[in-house]
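Chemist: Can you keep this structure in mind? I'll have questions shortly.
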Amino acid sequence: MTLLAIETSCDETSVAVVRDGRVLASLVSSQIKLHAEYGGVVPELAAREHLRNLLPVAEAALDAAKISRDELDAIAATQGPGLPNALLVGLKAAQAMAFVLRKPFFGINHHEAHLYSPWISGAPPVADFGAFEPNVSLIVSGGHTMLVHVESELKHRVLGATIDDAAGECFDKVAKLIGLPYPGGPEIDRLASQGNAKAYDFPRPMLRDAGDDFSFSGLKTSARYFLRDHPEVLESAKALRDLCASVQAAIVEVLVTKAVRAARRQQVNCITASGGVTCNSALRQELATACRRENLKLRLAERSLCTDNAAMIGVLAERKLAARVEESSLDAEIMPGWALA
Ligand code: KG4
Ligand code: ZN
């Protein structure tokens, strides 16, 4: 089976070609530089940029995969959740391709696809479903923070999610307070690597809450009050590094503790993680340490597959095709608020 997959839910225009679990090509045209000037993603600009880039990226992906259109067995695209006009560009292009080629079309839930990106690895990347096992999956990005129990392939249940800000949003907003460029997560990661995580004590929101929900807006606010009361921190490179390390440690401790606790409760032996924040070095390291201590397996999405990409969309669509899941309608509309069940 050979599929072409499109992802345009936010600010990455991505197209992948997947054949029998192998990612033959996965191209991502990132718009980060375009939005950086505004300090965040501007939805209308994102949609226009997708419109400009999608077809060239799709042509380039087919070329890189050495696949002609006639060889495609199905087309897939992210149907939601995401920015409405951004989703619209990818979804309608995919449906048009499926219509012209007379092939099945799959509208994919972006979060469901994230659940499978940790199973794709290697160069060239291959989806290793032979190794698949029930897991608790942490999806942690700029828009979302959630824990999902993946009972088996294509069967999952959301355990909890953030009730306010996502972890990535917290990284980005704290970075903005300090005056770091957007997106702030990688900048905080970089500065934190040379800082003392015990220098300042920040709250660990909902850490003691037995449920699987998260909350990060209070942490962002406490960083704001901290800077109001200690403006001198902004004048010292060392104090700034310590601040970044301390805030990062608070976010990471909450994510790791709750993921491990959920895995224990669901009686799974494996934790997986994906989403942009999974690029964070401290999160990767602390998850590894905790999983070793708790005798749990850990599958982290490769850094290039943590952020939004069409490879995960294609891999999930191929599993659906193989499992004979009903194809989506060519009239199906975008679902910007499509919550994972
Ligand atoms: O998954 P993603 O590319 O887009 C969505 O939000 O859907 O995630 C982007 C988020 C941003 O908030 C960014 O700051 C964060 O991931 N991020 C990081 C790191 N790399 C990206 N946060 C902390 N440390 C990083 N190294
Ligand atoms: Zn995502």
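Going by our numbering, the sequence shown wraps up at 381, each residue one higher than the last. Every residue, glycine too, gets a C-beta built ideally from N, C-alpha and C. Since we're looking at a predicted model, the values are computed, not measured.
Taking 8 Å as the CB-CB limit, is Ile46 close to chain D?
Modeler: Among the protein chains of the structure shown there is no chain D, as only one such chain exists.
Chemist: Taking 7 Å as the cut-off, does the CB of His90 come closer than this to any heavy atom belonging to the ligand ZN?
Modeler: No.
Chemist: Rounded to a whole number of angstroms, what is the C-alpha to C-alpha distance between Val63 and Lys216?
Modeler: Distance between the alpha carbons of Val63 and Lys216 is about 36 Å.
Chemist: If you compare alpha carbons, which of Ala105, Lys195, Val97 is closest to Phe172?
Modeler: Cα-wise, what sits closest to Phe172 is Lys195.
Chemist: Applying the criterion that 16 or more other CB atoms from any shown protein chain within 10 Å of the CB defines a buried residue, is Pro245 buried or exposed?
Modeler: Answer is buried; the Cβ neighbour count reaches 16.
Chemist: For Phe242, is the classification buried or exposed, using 16 other Cβ atoms within 10 angstroms of its Cβ as the cut-off for buried?
Modeler: By the neighbour-count rule (16 or more Cβ atoms within 10 Å), Phe242 is buried.
Chemist: Could you name the residues of the same chain whose beta carbon sits closer than 8 Å to that of Gly170, not counting the 5 residues immediately before and after it, in chain order?
Modeler: Nothing meets the Cβ criterion.
Chemist: Run through DSSP, which three-state label would Ile72 get?
Modeler: Of the three classes helix, strand and coil, the one that applies to Ile72 here is helix, per DSSP.
Chemist: Should the stretch 266-280 be regarded as contacting the stretch 302-315, the criterion being three or more beta carbon pairs within less than 8 Å?
Modeler: With a cut-off of 8 Å, the stretch 302-315 and the stretch 266-280 do not count as touching, because too few Cβ pairs lie within range.
Chemist: Give the C-beta separation of Thr318 and Cys284 to the nearest angstrom, bearing in mind that I take them to be a contact with Cβ-Cβ under 8 Å.
Modeler: Rounded, the Cβ-Cβ distance is 18 Å, inconsistent with contact.
Chemist: Starting from Glu52, follow its DSSP beta bridges and name the residues at the other end.
Modeler: Ser70, per the DSSP bridge assignment.
Chemist: At what residues does the beta strand (DSSP E) containing Gly200 begin and finish?
Modeler: Taken as a continuous stretch (DSSP letters only), the beta strand (DSSP E) holding Gly200 covers 195-201.
Chemist: Can you have a look at Gln307 and say buried or exposed, based on whether 16 or more other CB atoms are within 10 angstroms of its CB?
Modeler: Answer is exposed; the Cβ neighbour count stays below 16.
Chemist: Buried or exposed for Pro164, going by 16 or more other Cβ atoms inside 10 Å?
Modeler: By the 10 Å Cβ count, Pro164 comes out exposed.
Chemist: If you draw a straight line from the C-alpha of Asp103 to the C-alpha of Leu112, how long is it?
Modeler: Taking the straight line joining both Cα atoms gives about 13 Å.
Chemist: Can you say whether Met41 is buried or exposed, counting buried as having 16 or more other CB atoms within 10 angstroms of its CB?
Modeler: It is exposed - the Cβ of Met41 has fewer than 16 other Cβ atoms within 10 Å.
Chemist: Roughly how many whole angstroms lie between the Cα atoms of Trp159 and Lys337?
Modeler: Their Cα atoms are separated by approximately 12 Å.
Chemist: Does the distance from the CB of Ala239 to the CB of Leu259 come in under 8 Å?
Modeler: The answer is no: Cβ separation not under 8 Å.
Chemist: So Lys337 is in the beta strand (DSSP E); what residue range does that whole segment cover?
Modeler: Lys337 -> beta strand (DSSP E) spans 337-340.
Chemist: Are the beta-carbon atoms belonging to Thr202 and His150 less than 8 Å from one another?
Modeler: No, they are not a contact pair.
Chemist: Taking DSSP as the reference, what is the three-state secondary structure of Val365?
Modeler: Reduced to three states, the DSSP call for Val365 is coil.
Chemist: With 16 as the cutoff for other CB atoms within 10 Å, does Gln71 come out buried or exposed?
Modeler: So Gln71 counts as buried.
Chemist: Since Phe139 and Ser368 should fall inside the 8 Å C-beta cutoff, what is the C-beta to C-beta distance between them, to a whole number of angstroms?
Modeler: Actually they do not touch by this definition, with Cβ atoms about 12 Å apart.
Chemist: Starting from Gln307 and walking both ways along the alpha helix (DSSP H), at which residues does that stretch end?
Modeler: Taken as a continuous stretch (DSSP letters only), Gln307 belongs to no alpha helix (DSSP H), as it is neither H nor E.
Chemist: Quick one: what's got a C-beta closer than 8 Å to Leu94's C-beta in the same chain, skipping five residues either side?
Modeler: Closer than 8 Å at the Cβ level, and outside the excluded window around Leu94, lie Ile46, Thr48, Thr53, Val55, Val129, Gly130, Ala133.
Chemist: For Leu192, list the residues DSSP reports as bridge partners.
Modeler: Leu is not the amino acid found at residue 192; the sequence shown has Ser there. Lys195, per the DSSP bridge assignment.
Chemist: Mind checking Asp389: buried by the 16 CB within 10 Å criterion, or exposed?
Modeler: Residue 389 is absent from the model: the chain starts at 41 and stops at 381.
Chemist: Contact defined as beta carbons within less than 8 Å: I believe Trp378 pairs with Gly120. What is the distance between those atoms, to the nearest angstrom?
Modeler: Right, the Cβ-Cβ distance comes to about 3 Å (below 8 Å), so this counts as a contact.
Chemist: Given 7 Å as the limit, tell me if Thr386 has its C-beta closer than that to any heavy atom belonging to the ligand KG4.
Modeler: With the chain running from 41 to 381 in the structure shown, residue 386 is simply not present.
Chemist: With distances taken Cα to Cα, identify the nearest neighbour of Glu191 among Arg230, Ala351, Ala250, Ala302.
Modeler: Answer by Cα proximity: Ala302.
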